[in-house]
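All letters in the sequence shown, in the order written, are residues 2 to 329 by my numbering. Built from N, CA and C at the ideal position, the CB exists for glycine as well. On a predicted model such as this, the values are computed, not experimentally measured, just so you know. Just below is one structure, and these are the notes that go with it.
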Amino acid sequence: MKMVEQNISGVKLERLRQNAVKKHKILRKLFPVCLILFIGLTLVKNRFLFASIREYGWGDPATQGAFWMLVGNLMLSVIFAGVIFGFYYMLVYKKAYDLFCINFKNKYVLDTLRQLPDFSELRYNAGGGLSYEEMNRLKLIPGGQSVFYQSSDELSGKLDGVPFRAVNVCTGEKASARSSTPKILFEGQVIVFSCFDNRKISEGFVQVFSKKALSKLRETRVPLPIQTENSVFNENFAVFAENEQNAFYILTPQVMEQITAFQEAMEGNVYLSFSEKSLYVTCSQLRNPFHIYIDIPVEEQRQKIAGDTAILRSAKEILIRAGQSSPK
């Protein structure tokens, strides 16, 4: 099946959304309906058990055998209902949801962002992202295990003339031996600006982490902890660098003020890394940008796309000095 349709109409997109909503409603009811049906059939099939209890009591071996058979059949009812639910989710609902999402994103994300001021040369790939190996090399966010790593919604281009690349990233690890659901360590957006200051190059990595997020990081890209001369900044952020001189060269009082202002503007924890001319900016979020909701009409979701660039715009306005005129 061809997933992406070129020049798909808004009307057809809305039909795809409504189809996904319909499948989701069926999905929500499928497990309890199947469970009730299978349990009912099991009770009808084993109705002689109740007659045996009335006639011979619980002590009769035949009654006890029939009882344990009933228990086994009830367990099978739960398993069968779960299997049907799983098959419907994977083969019917997920296909309908993915079909709507990928067509919506490919039609509207770029179209909407191109209408916004200051963006240029935009490219968008719903399935693109940063590899686990690349993120693990940077050690910018809690890494987790590769099997639970996800990255998508790659947006690249220029903002006010500064090249950038932004992707959604989710990392996790196995919560326990019994649970198949991962423990989420980080979920949010990772932004890479190709130039953070026209006049500076960082010789080696300088990393700045919100102290609230530090406990989740098992290791940093560079080992040397740095204490700045700003005591308030030290209370809220942890700094690591390859050498102290480069850290102080990059983290001027103005830059530290900008980082503090950026953290205050964000809801989640902030992770930053300066390397050569590039700046990596990440912020944990409750909802990833460009996330699609099937219960919201297409046109209403389209209006939300512009708002999903808030972190990107804030990072550019607060942290990036590239393109700004140098003070005289």
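Looking at the secondary structure, which residues open and close the alpha helix (DSSP H) in which residue i lies?
i, result
"D99", "95–114"
"A1", "Since the first residue shown for the chain is 2 and the last is 329, residue 1 is missing from the structure and cannot be characterised."
"L218", "Counting along the chain, L218 falls outside any alpha helix (DSSP H), and DSSP gives it neither H nor E."
"L44", "11–46"
"A311", "311–320"
"Y133", "133–139"
"F234", "232–237"
Count the other C-beta atoms from every protein chain shown that fall within 10 angstroms of the C-beta of residue i, then say buried if there are 16 or more, exposed otherwise.
i, result
"Q151", "exposed"
"N199", "exposed"
"D154", "buried"
"R222", "buried"
"I80", "exposed"
"K317", "buried"
"A176", "exposed"
"Y94", "buried"
"A124", "Just to set this straight, residue 124 is Arg in the shown sequence, not Ala. Exposed: under 16 other Cβ atoms inside 10 Å."
"R115", "exposed"
"R29", "exposed"
"S274", "buried"
"E135", "exposed"
"Q65", "exposed"
"A82", "buried"
"T182", "exposed"
"R166", "buried"
"I142", "buried"
"W69", "exposed"
"G87", "exposed"
My guess is that residue i and residue j are in contact by the Cβ rule of under 8 Å, so how many angstroms apart are they, rounded?
i, j, result
"E220", "K140", "6 Å"
"F187", "V170", "7 Å"
"R291", "I306", "Sequence check: residue 291 is Phe here, not Arg. Sure, about 7 Å apart at Cβ, within 8 Å."
"L71", "N47", "5 Å"
"N247", "S276", "That pair is no contact at about 11 Å."
"R332", "F120", "A question about residue 332 goes unanswered here, because the residues of the chain that appear run from 2 up to 329."
"N237", "K212", "6 Å"
What residue range does the beta strand (DSSP E) around residue i cover?
i, result
"N247", "Where N247 is concerned, there is no enclosing beta strand (DSSP E), although the alpha helix (DSSP H) it sits in stretches over 245–251."
"Y294", "No beta strand (DSSP E) contains Y294, which DSSP labels as neither H nor E."
"L186", "183–194"
"N126", "120–126"
"L225", "225–227"
Residues bridged to residue i by DSSP?
i, result
"P164", "K159"
"K175", "P183"
"F206", "S276"
"Q151", "C171"
"V271", "C284"
"V240", "V209, I227"
Output yes or no for whether 8 Å exceeds the beta carbon distance between residue i and residue j.
i, j, result
"F206", "L218", "no"
"V148", "V168", "no"
"F263", "L320", "yes"
"G189", "G129", "no"
"P254", "F241", "no"
"L100", "L17", "yes"
"P298", "E15", "yes"
"L44", "I85", "no"
"I295", "A127", "no"
"L75", "I27", "no"
"S10", "L36", "no"
Using a Cβ-Cβ distance cut-off of 8 Å, determine whether residue i contacts chain D.
i, result
"L273", "Although the question refers to chain D, the structure presented lacks it and comprises just one protein chain."
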